[in-house]
Structures are given as structure tokens and as C-alpha cells.
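A.B. asks:
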Amino acid sequence: MDFDTQLIFLFSALGAINGLFLSAYFAFFTKRNNKSNYFLAALLFVLSIRIIKSVFFYFNPHLSEIFIQIGISACALIGPFLYLYTKSLMAENKGLRWLLHILPISLIVCVLGITYPYLSYHILWSKFIIPVIHLVWLLYIILAGIQLKIVFKNFFSKDSTLKDIEVWMLSIYLGIAVIWLGYTVGSYTSYIVGMLSFLFVFYLVILFWILKRKRKNLFFEENIKYADKKIDFEEAKSIAIDLFIVMQEKRIFENPNLKLADVSKELNIQPHNLSQYLNDNLGKSFPMFVNKYRIENLQKLR
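When the letters of the sequence shown are read in order and numbered with this note's numbering, they come out as residues 292 to 593.
1) Drop a sphere of 10 angstroms on the beta-carbon of Thr377, count the other beta-carbons inside from all chains shown, and report buried for 16 or more, exposed for fewer.
2) For Asn559, which of helix, strand or coil comes out of DSSP?
3) How many whole angstroms separate the CB atoms of Leu461 and Phe446, which I take to be in contact at a CB cut-off of 8 Å?
4) Does Ala304 pass the burial test, meaning 16 or more other C-beta atoms within 10 Å, or should it be called exposed?
5) Examine the Cβ distances between the segment 424 to 434 and the segment 401 to 412 and report whether three or more of them are shorter than 8 Å.
6) Going by beta carbon distance, what residues of the same chain come within less than 6 Å of Ile343, once the five residues before and after it are set aside?
7) Does DSSP put Asn325 in a helix, in a strand, or in coil?
8) Report the three-state DSSP secondary structure of Pro578 (helix, strand or coil).
9) Locate the alpha helix (DSSP H) running through Tyr464, then write down its first and last residues.
10) Quick one: using the 10 Å Cβ neighbour count with 16 as the cut-off for buried, is Ala518 buried or exposed?
11) Under 8 Å by Cβ, that's how I've got Phe372 and Leu430 pegged, so tell me the actual separation to the nearest angstrom.
12) Using the C-alpha atoms, what's the distance from Ala332 back to Leu338?
13) Output the distance between the C-alpha atoms of Ala552 and Leu589, rounded to the nearest integer angstrom.
Written out as C-alpha cells, the structure is:
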């Protein structure tokens, strides 16, 4: 084993260990045991299982076929848990509906594994089952991206700053997407993907501790709960009237340190409701909205 392959093997192994560490933390040691933490723990766990399979297979090519099958099967749940995690942060996740995304896939994978074990059906797994697993993974990446559309909008906006939780969510989403791409374009036993997995998980560890030290009520008890909730006409009309009053009559925009929370307090609504109104109904970020009033005021003074 030359130095380069030893380095890739080491990175892959560290990625698996880091993933299991974070998975255990979110499952058992966070202050608030909510669904989002459990979904994140499950996501990191199945990702780590996939990396572990690659690491052990690389170390021992004669590894039992059942371990190879388990590692490949874990990929089928990476996408669903990514979607469930983003949905739990962005919108209400009521009851046990999340099981609809997990139980059918788990059952199908188990039935296929028992009926057509990898040991006896290598070609079937390589030509059909694995591509289907990757397709399911991709579909859930797309669904998760739809859940994060507001976050992506803020990311590409020049007038808005991403919150810590949004940075965290984008890091997880893009990391999983890159790993999917690595597994899809390369062989399913590719150890370059192991390195990608390590870098992704290692980056999450660093980001985790940076955000943790800020002591901002992480991880992540404060969810974003507005993506799936549309503001109805009457509520939007009420917000528009009240917002006009505080901006035009109270001239709150003259405060140079004005924040979204300040305006929402004046309107007696939640900040995320005001943010959603500005984004969905007016198509503007908060800084863009306030700057519009400031620019108009300067023009009147000339």
C-alpha cells in the first residue's frame, strides 16, 4: 500500500469516525431532543455506515458480502433523512408522516437484500439496484433543495446575510450533494468518495464547534418554520397596512441600526412572518425593503 492510498484510507476512516461521533452527539447529547436532531443523527449515521463499508472493504477485499450489501443499502436512506432534516427545520413536520419516507424504502431494501443477496446477484445490484438507489438519493436531494429555496435565495442575494443555522443547513445539503455526485460518477467502491466524505464531516465538526462557541441556542433548537406556510390574503393585507404605518408615519427606517426584529416588534408579529411577507409577497429582502424607503426619503430632501 503506497503513501497516497494510505492517506486516502486514513481520511476515509477519519470521516467515518467523525460521522459516528456527530451522530451520537445529536441523538443523545443535545439539550433539546427534537425531530430535527434525530433526523440529522440518522443522516450522519447512514452516511458513516457507507463510509465504513468502503474503509473495511479497502482494508480487506475479502470482506463478507453481507457487509458490502449493508453499506450499499445505507445509501438508500441518506436522501430521505436529508429531506426530513431540512423539512423539520423549514416547516412543520406533524405526527408520524415522516415514516412514509423511511419505512417503504427500508422494507424494499430489506426484501431485495434477502431475495436477491449481493453475494449471489452482483450483476443485478451493479446494473439495477445501485443505480435505483442513487436515483432515489438524487430525488430526495432535489426535494430537500426545494425546502431550502428561501435559504438559497438569501445566499444569492447581495442585500441579505445568512444566519448561522442557514450556513449549517447549506453546508450539510451541499456536502451530501457532492458525495452523491462522487458515488454516481465513479465506481461505488471509490475511495475518493471516502475522502470527500471525510472532508465533509470534518468541515461539519469545525463548523459545529465554531457555532457552538457563539452560544446562540444551538444545535438547532430554533427552527425555521415558515417555508410551507403561506400567508393568507387577510393576514398579508393587515401586515401591509401596519408596515406602511410604522415606515411612513413613525419613520422607523431612519434608525441606522434598524433590524428585522425591531420592525416585527412594532408590528407585533413574529420575525419569520415578516420575513416571509417581504420575500413571498413583495419579493424583497429586509435590507432591500428598508433601503427603498431611505432612498426615497433622500430624494425628497434634495
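All C-beta atoms, glycine included, are put in the ideal place defined by N, C-alpha and C.
C.D. replies: On the basis of the supplied data:
1) Counted from its first residue, the sequence shown places residue 377 at position 86. Answer is buried; the Cβ neighbour count reaches 16.
2) Residue numbering aside, residue 559 sits at position 268 when the sequence shown is read from its first letter. Asn559 falls in the coil class under three-state DSSP.
3) Against the sequence shown, residue 461 aligns to sequence position 170. Against the sequence shown, residue 446 aligns to sequence position 155. About 6 Å separates the two Cβ atoms, so the contact holds.
4) Position 13 of the sequence shown, counted from the first residue, corresponds to residue 304. Buried.
5) no
6) The residue labelled residue 343 in the question sits at position 52 within the sequence shown. Around Ile343: Ala307.
7) Locating residue 325 in the sequence shown gives position 34, counting from the first residue. In this structure, Asn325 counts as coil in the three-state DSSP scheme.
8) Locating residue 578 in the sequence shown gives position 287, counting from the first residue. In this structure, Pro578 counts as helix in the three-state DSSP scheme.
9) For the purposes of this step, residue 464 is identified with residue 173 of the sequence shown, where counting begins at 1. Unbroken alpha helix (DSSP H) run through Tyr464: Asp455 to Val476.
10) For the purposes of this step, residue 518 is identified with residue 227 of the sequence shown, where counting begins at 1. The pLDDT assigned to Ala518 is 46, lower than 50, so where the model puts this residue is not dependable, and the model offers no usable value.
11) The residue given as residue 372 occupies position 81 in the sequence shown. The residue given as residue 430 occupies position 139 in the sequence shown. At roughly 14 Å, the Cβ-Cβ gap does not stay under 8 Å, so Phe372 and Leu430 are not in contact.
12) Residue numbering aside, residue 338 sits at position 47 when the sequence shown is read from its first letter. Residue numbering aside, residue 332 sits at position 41 when the sequence shown is read from its first letter. Leu338 and Ala332: Cα-Cα distance of roughly 10 Å.
13) Taking the first residue of the sequence shown as 1, we reach residue 552 at position 261. Taking the first residue of the sequence shown as 1, we reach residue 589 at position 298. Whole-angstrom Cα-Cα distance: 24 Å.
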